[in-house]
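When we follow the numbering used here, the leftmost residue of the sequence shown carries the number 231, and every step to the right adds one.
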Amino acid sequence: MSIITNINKAFDHRIRLGIMSILMVNEYADFNMLKDLLGATDGNLASHTKALEKAEYIKVEKQFIGRKPNTRYSTTKLGRESFKKHIDALEKLINKQ
231 MSIITNINKA
241 FDHRIRLGIM
251 SILMVNEYAD
261 FNMLKDLLGA
271 TDGNLASHTK
281 ALEKAEYIKV
291 EKQFIGRKPN
301 TRYSTTKLGR
311 ESFKKHIDAL
321 EKLINKQ
């Protein structure tokens, strides 16, 4: 088995890596929180969250707070497992001598 077998292409972009990292340590994060923490544009963040949602790695909840729409994200069980495998694979690759 190759040392890069468990490196997941879905997490190869820094924005997706950032989204998953934030969601792994928080129960959820809303769009503006992710945007501020990652320094991403609305369109860039939207496209990357959509890709992670399509892969079923994150769950999206849309609601209204007062009259303002609010979108918040959380990881799915599959997303947590896949991201952990990805991080473990990166650590193995880095520590390989």
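Glycine residues also receive a C-beta, built at the ideal position from the N, C-alpha and C atoms.
These numbers come from a predicted model, not from an experiment.
Under three-state DSSP, which class holds residue i?
i      : result
THR289 : Strictly speaking, residue 289 in this sequence is Lys, with Thr absent from that position. Looking at LYS289 - three-state DSSP - the assignment turns out to be strand.
SER304 : strand
Rank the options by C-alpha distance to the C-alpha of residue i and give the top, closest one.
i      : options                        : result
LYS314 : MET250, ASN262, THR271, ASP260 : MET250
LEU275 : GLY248, ASN300, ASN238         : GLY248
LYS265 : SER312, ASN236, ARG302, HIS316 : ARG302
Which same chain residues, not among the five before or five after residue i, have their C-beta less than 7 Å away from its C-beta?
i      : result
ALA285 : ALA240
SER304 : LEU253, GLU257, TYR258, ILE288, LYS289
HIS316 : ASN236, ILE237, ASN238, PHE241
Using a C-beta cutoff of 8 Å, does residue i count as contacting chain C?
i      : result
PHE261 : Absent here is chain C; the protein component of the structure consists of one chain.
Would you tell me roughly how many angstroms separate the C-alpha atoms of residue i and residue j, rounded to the nearest one?
i      : j      : result
ALA319 : LYS307 : 18 Å
PHE261 : ARG310 : 19 Å
ASP242 : GLU321 : 14 Å
GLU234 : ARG297 : Note on residue identity: the sequence assigns Ile, not Glu, to residue 234. If I take the Cα positions, the gap works out to 47 Å.
SER312 : MET263 : 23 Å
PRO299 : ASP272 : 14 Å
Can you find the residues in the same chain that come closer than 8 Å, C-beta to C-beta, to residue i, ignoring five residues on each side of it along the sequence?
i      : result
ARG246 : ALA240, HIS278, ALA281, LEU282
Leaving out five residues before and five after residue i in sequence, what residues of the same chain have Cβ atoms less than 6 Å from its Cβ?
i      : result
ALA270 : ILE245
Inter-stretch contact (C-beta, 8 Å, three-pair minimum) for the segment 312-326 and the segment 289-302
no
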